[in-house]
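Some notes on the structure that comes next.
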RNA sequence: GCCCGAGUGGCGGAAUGGUAUACGCGGUCGGCUCAAACCCGGCUGGUGGGAACACCUUGGGGGUUCGAAUCCCCCCUCGGGCACCA
């Protein structure tokens, strides 16, 4: 009980409030968006969850953040759509199904029920009427339809090449899913396999994806944009053709330094490229094949290691340097990648460290062509890469900077038709096939006569067959290629009727998640993937919220999808997410929570102990949204204490709901309106932790007013302050906010209340604290009436004893006045 | 190696050119209590001083400015991303 005592209940029953308001919101469809609304619309989107079990601390933080904005915008009078669904295809379900001898759907949809209950308890302002599951036939039919659109446009194709293979999950992986040479999901070292696989031609959009980042600069975190730029990896340089002795077609290399061509003393091709095989001399064949075998055995990690000693083999052929006619040897070495550029490079050992290391190991000629004034690379073993004067470079000799050297070299190559300016990207096409069952089947039939045949729109969906348990166990190929799926797989060719087979791979689940936010807008429409009119009405998304771990996965893929959908004429924008918030992680004792460390914190236990409101408040208040929260550093118990303290204000308000606020305590009213202004701005800027601090200050100020005078409970200013405390609090602590709202005598729900505008007349102050500096040091803090003139302020400042003492009779050189709060005096 | 971001009390953090350390945690002293928990209130960057007060303090060094945590240059440390990418 509080020190002032009283008969009314002074705290709220956390558990009872949670049950009561959940029911209320559900019954009244409080958070259901009105599709026919005439209000301005806002679309708040959280990255949809994978139904892995129950809601955990990480979800709790992410969803708390999105809800703050959704709730603010709703109260500000926008029609807010805040949907939710399930990214319900994926490997964990399949693994669980194998273990239990079940169908993956059972595990998946069971988890969804559990998680859904937790979501509802968590008090999020979600519209459940558009709930979707990517594993529902009604959804994945349209994933297949979209694949077909991509295919028809030439953006989905199959090719045979070395691909990333996870030996544990027994499936291929996209480049984006290989992190440091390990499988993103299970951390097994990734190996290479040669397979025919489906790809999306994301490389065709490399430049567009770079260019359109300009639109995102205002609303996306800089680090995400940087990561995407880095990942796309644009390099500007030139293509140069080298004739190979004894071969008709020249080999093209890509280089960023065509100006160093005169120093190219050998050429290197990737051992696992077709090119190496094609040009290898008979005399070198045996050595080459032994080397290739060795390269294939080594893991990605080994190969990528910077410590890795250079290896390679002489292919026994010579190339002709197009600028000086010099014969240079051609080597195969694994430091050249088959997939990047053309799979072949010109090596300039004097000015590239990798080439220098290689040349020194194998005794190949090193010839500097730029004199940078540094030690000769032949002596130092350190390649020089800076600007300098060109030497040994024919027509470039005497030039002194890289820029003109590069330009001159390209001009020369173009004139003799042996090369041209070129741009290369690091980004590779998106490998979308997966050798697993619980995913969206690729709607293609392979016919011995007709080849690849796309399943017609009228034949969609291609439904998954009913496989379970051991049928799904990894056998090196997709379960859909196994005996149990024979009946599903063997179908007549839609073209010629001959016996044919369905494609047995399923799509990467990132395909599913690249378009779910369009589907929310017409989730139950079985005539189209999404309704263009609804997309026009609601999109782009105003705020997207999710983890930064998707910076170059989902967030790149969904951008690519949007570009294609735009080119297909299905949407009229390129960038679907205007603002992006990457919330931090919840960690414990400095480390990510994990089972092996045993430092996990269970969300359900926290909620049972402190309530939803306190947990959410803790999440939001602990740090800026994008920073990690260490649960060891926070105190949900004190969050609850604060909520009870706020609640208590409402129990002490005795004025009528329609009381005339203009008669209220002016000081408190000023604090309230300043707080309204500050919180409105802070929340809009995503500075939620600071906004909460402001709520706390308003609670403190209101408490002081109440404690100062026993009659303050009847003061309408106290009601006004408390009312705003409830509204601001409702952004993070919706249950206690509803309780307060009811106690104040207003009709629920507070979520539909009108967010106040600050009264401009109340933003000023009668008096302000004016700081007086002498030589930049604060010498006095004076309480003066607001609205002094500069001359008056100066006069008051110079009269202050502390200021006089600090001036010590020195004459004044300058006085700078910044009204209303500062006077800076500069003595001579 | 390249690219981003960050360094502020014992801790999370606030202040983005104008009162450094808001708000909270922790601590401490006091009130309530037979007692304790809860709750309520005060104090809480450092050094010197009995006090008034003075000086110092935003990773380090330099600069711009009447005034710098904030802007500029150099360096250090930490976190993240990419990485034999030609």
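In my numbering, the protein residues as written are -9 to 818.
The beta-carbon is built from N, C-alpha and C at its ideal position, and this holds for glycine as well.
Predicted model, so just to flag it, every value in this text is computed and none were measured.
1) How far does the alpha helix (DSSP H) with residue 96 in it reach, from first residue to last?
2) Quick one: residues in its chain with C-beta nearer than 6 Å to the C-beta of residue 411, no 5 flanking neighbours on either side, listed in chain order?
3) Check residue 309 in the structure and name its three-state DSSP category.
4) Helix, strand or coil for residue 412, going by three-state DSSP, please let me know.
5) Would you give the residue range spanned by the alpha helix (DSSP H) that residue 123 belongs to?
6) Is it true that the CB of residue 513 sits closer than 8 Å to the CB of residue 120?
7) Please state whether the Cβ-Cβ distance between residue 593 and residue 50 is less than 8 Å.
8) Give me the Cα-Cα distance between residue 762 and residue 756, rounded to the nearest whole angstrom.
9) Where do the ends of the alpha helix (DSSP H) carrying residue 317 lie?
10) Using DSSP's beta-bridge definition, name the partner residues of residue 227.
11) State the start and end residues of the unbroken alpha helix (DSSP H) segment that holds residue 343.
12) By a C-beta neighbour count over all protein chains shown, 10 Å radius and 16 as the cutoff for buried, is residue 425 buried or exposed?
13) If the criterion is Cβ atoms closer than 8 Å, does the pair residue 152 and residue 182 meet it?
14) Rank 431, 460, 377 and 571 by C-alpha distance to the C-alpha of residue 393 and give the top, closest one.
15) Of the residues 216, 189, 338 and 507, which one's Cα is nearest the Cα of residue 253?
16) Taking 7 Å as the limit between beta carbons, can you name the residues of its chain near residue -6, skipping five residues before and five after?
17) Among the residues of its own chain, which have a CB less than 7 Å from the CB of residue 542, if the five just before and after it don't count?
18) Apart from the five residues just before and just after residue 91, which ones in its own chain have a Cβ nearer than 6 Å to its Cβ?
19) Fully enclosed by the stretch 530 to 573, which beta strand (DSSP E) runs are 3 residues long or longer?
20) Do residue 199 and residue 549 come within 8 Å of each other at the CB atom, strictly closer than that value?
21) Can you list, in chain order, the residues of its chain whose CB lies under 6 Å from that of residue 282, leaving out five sequence neighbours each side?
22) Does at least one heavy atom of the ligand ADP sit under 7 Å from the Cβ of residue 373?
23) In whole angstroms, give me the CA-to-CA distance for residue 382 and residue 249.
24) Among the candidates 45, 14 and 60, whose CA atom is the shortest distance from the CA of residue 535?
25) Just grab the DSSP bridge partners of residue 156 for me.
26) If we require 3 or more residues per run, which beta strand (DSSP E) segments fall completely within the stretch 680 to 767?
27) Could you tell me how far apart the beta carbons of residue 135 and residue 450 are, in whole angstroms, since I believe they sit closer than 8 Å?
28) Evaluate residue 768 with the Cβ neighbour count: other Cβ atoms within 10 Å of its Cβ, from every protein chain shown; 16 or more gives buried, anything less gives exposed.
29) State yes or no: is the C-beta of residue 639 within less than 8 Å of the C-beta of residue 715?
30) What's the gap between the Cα of residue 764 and the Cα of residue 754?
31) Can you tell me whether residue 150 is buried or exposed, with buried defined as 16 or more other CB within 10 angstroms of its CB?
32) Along the alpha helix (DSSP H) that carries residue 37, what are the first and last residues, could you check?
33) Mapping DSSP to helix, strand and coil, what is residue 803?
34) Go ahead and label residue -3 buried or exposed: buried means 16 or more other beta carbons lie within 10 angstroms of its beta carbon, across all protein chains shown.
35) Compute the Euclidean distance between the alpha carbons of residue -9 and residue 684, then round it to the nearest angstrom.
36) Which residues mark the beginning and the end of the alpha helix (DSSP H) in which residue 244 is found?
Answer, in terms of the structure:
1) As a first step, residue 96 must be located in the first chain, where it is residue number 106. Segment 94 to 111, the alpha helix (DSSP H) holding residue 96.
2) Residue 411 sits at position 421 when you count from the first residue of the first chain. Excluding residues within five positions, the ones whose Cβ falls inside 6 Å are 228 and 400.
3) Position 319 of the first chain holds residue 309. It is a strand residue.
4) Position 422 of the first chain, counting from 1, holds the residue named residue 412. Correct three-state label for residue 412: strand.
5) On the first chain, position 133 is the one that residue 123 refers to. No alpha helix (DSSP H) holds residue 123; the beta strand (DSSP E) holding it covers 117 to 123.
6) The count along the first chain starts at 1 and reaches residue 120 at position 130. The count along the first chain starts at 1 and reaches residue 513 at position 523. The answer is yes: Cβ separation under 8 Å.
7) Indexing the first chain from 1 puts residue 593 at position 603. Indexing the first chain from 1 puts residue 50 at position 60. Yes, they are a contact pair.
8) The residue given as residue 762 occupies position 772 in the first chain. The residue given as residue 756 occupies position 766 in the first chain. If I take the Cα positions, the gap works out to 19 Å.
9) In the first chain, counting from the first residue as 1, residue 317 sits at position 327. Residue 317 -> not in any alpha helix (DSSP H); beta strand (DSSP E) instead, spanning 317 to 322.
10) Within the first chain, numbered from 1, the residue matching residue 227 stands at position 237. 412, per the DSSP bridge assignment.
11) Within the first chain, the letter at position 353 stands for residue 343. Run containing residue 343: 343 to 352, per the alpha helix (DSSP H) assignment.
12) For the purposes of this step, residue 425 is taken as the residue at position 435 of the first chain. Residue 425 is buried by the Cβ-count criterion.
13) Position 162 of the first chain holds residue 152. Position 192 of the first chain holds residue 182. Yes, the Cβ-Cβ distance between residue 152 and residue 182 is below 8 Å.
14) To locate residue 393, count along the first chain from 1; it is residue 403. Nearest option by C-alpha distance: 377.
15) Along the first chain, read from residue 1 onward, the residue named residue 253 stands at position 263. Measuring from the Cα of residue 253, the nearest candidate turns out to be 338.
16) If you number the first chain from 1, residue -6 lands on position 4. At residue -6, the pLDDT of 37 sits below 50, so the modelled position is not reliable and the matter cannot be decided from this model.
17) Within the first chain, the letter at position 552 stands for residue 542. Result list for residue 542: 166, 217, 218 and 221, in chain order.
18) For the purposes of this step, residue 91 is taken as the residue at position 101 of the first chain. Correct list, in chain order: 459.
19) 533 to 535
20) On the first chain, residue 549 is found 559 positions in, with the first residue counted as 1. On the first chain, residue 199 is found 209 positions in, with the first residue counted as 1. Yes. Within cutoff.
21) By one-based count along the first chain, residue 282 stands at place 292. Within the same chain, residue 282 has close Cβ partners 261.
22) With respect to small molecules bound, the structure shown includes none, and the ligand ADP cannot be examined in it.
23) Looking up residue 382 in the first chain gives position 392. Looking up residue 249 in the first chain gives position 259. Rounded to whole angstroms, residue 382 to residue 249 spans 12 Å at the Cα level.
24) Against the first chain, residue 535 aligns to sequence position 545. Closest option to residue 535, Cα to Cα, is 60.
25) Residue numbering aside, residue 156 sits at position 166 when the first chain is read from its first letter. In DSSP, residue 156 forms a bridge with 161.
26) 757 to 764
27) Against the first chain, residue 135 aligns to sequence position 145. Against the first chain, residue 450 aligns to sequence position 460. Contact flag correct, Cβ pair sits at about 6 Å.
28) In the first chain, the residue the question calls residue 768 occupies position 778. Flag for residue 768 reads exposed.
29) If you number the first chain from 1, residue 639 lands on position 649. If you number the first chain from 1, residue 715 lands on position 725. Yes; because the gap between Cβ atoms is below 8 Å, this pair is in contact.
30) Position 774 of the first chain, counting from 1, holds the residue named residue 764. Position 764 of the first chain, counting from 1, holds the residue named residue 754. Their backbone Cα atoms lie some 27 Å apart in a straight line.
31) The residue labelled residue 150 in the question sits at position 160 within the first chain. The residue is exposed, with fewer than 16 neighbouring Cβ atoms inside 10 Å.
32) For the purposes of this step, residue 37 is taken as residue 47 along the first chain, with counting starting at 1. Looking at the DSSP string, residue 37 is not in any alpha helix (DSSP H), and its letter there is neither H nor E.
33) Along the first chain, one-based indexing puts residue 803 at 813. Of the three classes helix, strand and coil, the one that applies to residue 803 here is strand, per DSSP.
34) Here residue -3 refers to the residue found at position 7 of the first chain. Residue placement at residue -3 cannot be trusted, given a pLDDT of 43 that sits under 50; the coordinates are not used to answer.
35) By one-based count along the first chain, residue -9 stands at place 1. By one-based count along the first chain, residue 684 stands at place 694. For residue -9, the predicted model reports a pLDDT of 30, less than 50, meaning its position is unreliable; a value from the coordinates is still stated below. Their backbone Cα atoms lie some 25 Å apart in a straight line.
36) In the first chain, counting from the first residue as 1, residue 244 sits at position 254. Taken as a continuous stretch (DSSP letters only), residue 244 belongs to no alpha helix (DSSP H), being part of the beta strand (DSSP E) at 241 to 245.
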